[in-house]
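Going down the list, the protein sequences come from chains A and B.
Under our numbering, the first residue of the first sequence carries the number 1, and numbering increases by one thereafter.
Under our numbering, the first residue of the second sequence carries the number 1001, and numbering increases by one thereafter.
One structure is given below, encoded as structure tokens.
Protein chains: 2
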Amino acid sequence: MIQQIHPETIREALKKNKIKTENYKGFEYLRFTDDFKDIPRGTVIFKSFVAWGYPHIGRIFHLSTGLREQFSHPFYVEEKVDGYNTRIFLHEDQILALSRGGYVCPFTTDRILEFIDKRFFEDNPDLILCAEVAGPENPYVDEHPPYIKEDIKVFVFDIMKKNSQKFLPYSEKERLIEKYGLPSVERFGTYTVEDTDKIKKLLKRLNEEGREGVVFKENSERDKRVKYVTLYSSLKDIEITSLNLLGLPSDYFTNRLLRLSLFMEEEGISADQELFLSVGKAFLEGLLKAIELSKRERKVYRTFRCKFRTKENALLFLENIKHASSQVQIIERSLEKEEDFWVLEFDRVYLNMTGLLGHLLAGGSIFD
Amino acid sequence: MIQQIHPETIREALKKNKIKTENYKGFEYLRFTDDFKDIPRGTVIFKSFVAWGYPHIGRIFHLSTGLREQFSHPFYVEEKVDGYNTRIFLHEDQILALSRGGYVCPFTTDRILEFIDKRFFEDNPDLILCAEVAGPENPYVDEHPPYIKEDIKVFVFDIMKKNSQKFLPYSEKERLIEKYGLPSVERFGTYTVEDTDKIKKLLKRLNEEGREGVVFKENSERDKRVKYVTLYSSLKDIEITSLNLLGLPSDYFTNRLLRLSLFMEEEGISADQELFLSVGKAFLEGLLKAIELSKRERKVYRTFRCKFRTKENALLFLENIKHASSQVQIIERSLEKEEDFWVLEFDRVYLNMTGLLGHLLAGGSIFD
């Protein structure tokens, strides 16, 4: 089924500023910057096809009741990896990788063929791989799974067709992953709502291993999906982002605390000293670090490092992220050749946090 | 200086819904529901005079730089008590007490003459006492100073004139407190910015004693004020409100964490295990309690208890708070005569928390 986007819809979206024209190395494409009608943010229109945005997936906070409430058929269970979402495909004679928001990402595009066999796209020019990129040297996400010790890794979790919002059937996805030796998220098989105890055990193990959580995908025509994350993941979110406490959406922390508490309740994890300690630490250590940075360097920032095959892509990436957010300032630290790679180091300066802490440490007052 | 409010300003405020007509036992008054131009929220217009709203006071988060930045003259230091703000005055032949928002409060009005000598108002019919009401049996605030073991206490901290936004000079306030034996917040005397070390020591002691903090009041014509609170107070705020995690303004928790971290930094309190533990506990215990309440009783609430001299005032109070917030449901538990008092018990049901937890525990999903 080809899902074209009606020219009238595009005109309307342009008028409402929901579409932007972007440029990647000389060719232009249209990008939906927000959800618009039934079109998800990150949907991209190229000259010859549409790459639909990766859909939003609902989250359950309570496993046992959640599975019963959400599913009426057996479902697959897959690992949810803590990284960033990308869609990879052939565009004319290049393999491109889009960010969730629909930018052609110079970093992911630069590196992707180290992880994905090019033959997949030669044989299947109409398919789009949906994957997570994760690791300590990814340029977007401050967290990474503890089992990735360096650089990045790629984990395919879905396959779409160009011009279609639907995913290939699960078995077809598995066949292609197998055939082309694609790196994939760990797949735990199929379950039913009767297997809740088994799934709870699985989640308990994933939690102990420091993994983010799972995505459930119903084996049915509607292909219903929901996600569920571990206590570890919620705690890690708080720990990493407390440095930038004031730069996050208002409900960021309360949402994580809620996930974490309901995970405990469900898994019978008691509220012991160790857990209280971890939560307190997660909140305070980042904040105290921010205060220290503000006093010492007059800015609150975190340093990122990532590697590129070409210098051109590194510079293009830098240029792109400089304009990505008004709340973050990007400062290049270094770009140097190391063996086969160009290694880029840059800081994200958190402007809200820098501004407010600077004001308060200088003795300013606020009316709160 | 008499500060009248211009009839044109009142008409404008009425048109913009910044004024409401209220009724207390048959007489009407106008109440500013929001700040409007230079008129603070809680300002009340009676037939024969205006009771100006208690002004906003800026908060400093960092003591040593804050005092230098804010003050150019010596300043008084007073205890900040953790309760609710009230303004008390003679209206025709009754003593009335207003809430911060400008309601005549049937609870405070019912009880106030147990704490304040009536002769103050007989001798000074043009004066308004500004005071904090605090204690375990106050009907508004879930917290109370640990040194108040039962019921409530009243602490005068300012005196205003009717029809004026200014406070009496500090020495005049002290004279009247002395003369009429008024209960008052603890006054620590005058200091200058050179005394920062002494003030730090004072705050350290107040923190250890579980007190909220201090208000600084400049001894000068401009009567500049700022407030500063202890780590204890910030931690207590989190502990008390985590039960109603989702019902609070978005920056409630981040603001407390910031206060707390900067207090530590200033006072050289190290980030030890005990502190991490307290912060984690403060967040989690309330939340786990909310989950337990939601599972057991299908609602998240807290019970309040307070005592009235007359049954009529208790019923009027109940009626008033029922309409005070759309996010809180008031449920009466009991109203019974005990010795000289009518004892009212009621629940505040936190509707956001009740609704969301109910949805999630029933297996609902959310897109976050």
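For glycine and all other residues, C-beta sits at the position ideal for the given N, C-alpha and C.
Model, not experiment: these values are computed from the prediction.
Where residue i sits in the DSSP three-state scheme
| i | result |
| --- | --- |
| A/R296 | helix |
| A/S48 | coil |
| A/V185 | coil |
| A/L30 | strand |
| A/R168 | Residue identity differs from the one stated: residue 168 of chain A is Leu in this sequence, not Arg. A/L168 falls in the coil class under three-state DSSP. |
| A/V193 | helix |
| B/T1043 | coil |
| B/F1367 | coil |
| A/I330 | strand |
| B/H1073 | coil |
| A/A134 | strand |
| A/K224 | coil |
| A/S99 | strand |
| A/V81 | coil |
| B/V1215 | strand |
| B/L1248 | coil |
| A/K281 | helix |
| A/H144 | coil |
| A/I116 | coil |
| A/K337 | strand |
| B/Q993 | One cannot answer for residue 993 of chain B here, as it falls past the ends of chain B, which runs 1001 to 1368. |
Span of the alpha helix (DSSP H), counted from its first residue to its last, around residue i
| i | result |
| --- | --- |
| A/F120 | R119 to D123 |
| B/Q1070 | L1063 to Q1070 |
| A/K201 | T196 to E208 |
| A/I240 | L231 to T241 |
| A/N313 | K311 to K322 |
| A/S261 | Y252 to E267 |
| A/F107 | P106 to R111 |
Presumed contact (8 Å Cβ cut-off) between residue i and residue j, rounded CB distance
| i | j | result |
| --- | --- | --- |
| B/E1218 | B/F1075 | 5 Å |
| B/F1120 | B/L1182 | 7 Å |
| B/D1158 | B/K1173 | 7 Å |
| B/I1060 | A/S365 | 5 Å |
| B/K1299 | B/V1349 | 5 Å |
| B/T1241 | B/L1248 | 6 Å |
| B/F1346 | B/L1316 | About 13 Å; that fails the 8 Å criterion. |
| A/P145 | A/V81 | 6 Å |
Interface residues of chain B facing residue i [CB-CB closer than 9 Å]
| i | result |
| --- | --- |
| A/E265 | L1288, I1291, E1292, K1295 and L1361 |
| A/F36 | Simply none; closest approach about 16 Å. |
| A/T65 | L1360, L1361, A1362, G1363 and G1364 |
| A/L284 | L1257, L1260, S1261, M1264, A1271, L1275, F1276 and V1279 |
Beta-carbon gap between residue i and residue j smaller than 8 Å
| i | j | result |
| --- | --- | --- |
| A/F263 | B/K1281 | no |
| A/Y191 | A/V44 | no |
| A/N207 | A/E132 | no |
| B/L1293 | B/Y1301 | yes |
| A/S184 | A/V226 | no |
| B/R1309 | B/V1343 | no |
| A/F49 | A/N138 | no |
| A/A51 | A/L98 | yes |
| B/G1268 | B/Y1232 | no |
| A/L284 | B/A1271 | yes |
| A/T354 | A/R333 | no |
| B/L1356 | B/V1328 | no |
Contacts of residue i in chain A (Cβ-Cβ under 8 Å)
| i | result |
| --- | --- |
| B/D1368 | R59, D251 and N255 |
| B/H1056 | F367 |
| B/R1068 | G363 |
Chain-ordered neighbours of residue i on chain A, where CB pairs are closer than 7 Å
| i | result |
| --- | --- |
| B/L1246 | T254 |
Proximal chain B residues relative to residue i, where beta-carbon distance stays under 7 Å
| i | result |
| --- | --- |
| A/K281 | F1276 |
| A/Q273 | L1277 |
| A/F203 | What sits at residue 203 of chain A in the sequence shown is Leu, not Phe. Those do not exist, as A/L203 stays about 15 Å from chain B at its closest Cβ, beyond 7 Å. |
| A/V372 | The first residue shown for chain A is 1 and the last is 368, placing residue 372 of chain A beyond what the model contains. |
Extent of the continuous beta strand (DSSP E) run through residue i
| i | result |
| --- | --- |
| B/G1058 | G1058 to I1060 |
| A/A13 | Careful: A/A13 lies outside any beta strand (DSSP E), inside the alpha helix (DSSP H) at P7 to K15. |
| B/D1158 | K1153 to K1161 |
| B/N1023 | I1019 to Y1024 |
| A/F346 | F341 to Y350 |
| A/R302 | Y301 to F308 |
Chain-ordered chain A contacts of residue i [CB-CB under 9 Å]
| i | result |
| --- | --- |
| B/H1062 | L360, L361, A362, G363 and G364 |
| B/S1220 | Result: empty, since nearest Cβ-Cβ is about 17 Å, beyond 9 Å. |
Contacts that residue i makes with chain B (C-beta to C-beta distance below 8 Å)
| i | result |
| --- | --- |
| A/L262 | I1291, L1360 and L1361 |
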